[in-house]
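Structure, as structure tokens:
Here you go:
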């Protein structure tokens, strides 16, 4: 397996893991709106929803930083 194939495989696995995490978070977030849950479960799910919001914020900042890094490099290469 070439280096490029290994990188692509790692990216595929990372994307698959991220999709699974997002699906799990979505299930937990939508379950929090279920009126049949007891108060403790609803509170736990609310905490997880808040954690998910923090993670989304971190991911957004990471993506913004990576995009600006590549945009800066691309601009420097053309200068």
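In my numbering, the protein residues as written are 187 to 265. Even for Gly, the Cβ is constructed at its ideal location relative to N, Cα and C. Nothing here was measured: the structure is a model prediction, and the numbers come from that model.
As the crow flies, the alpha-carbon of residue 235 is around 27 Å from that of residue 253. Cβ contact annotation for residue 198 (same chain, cutoff 8 Å, sequence separation greater than five): none.
Note on geometry: alpha-carbon atoms of residue 227 and residue 250 lie some 34 Å from one another.
The three-state reading of DSSP puts residue 224 in coil, since its state is none of H, G, I, E or B.
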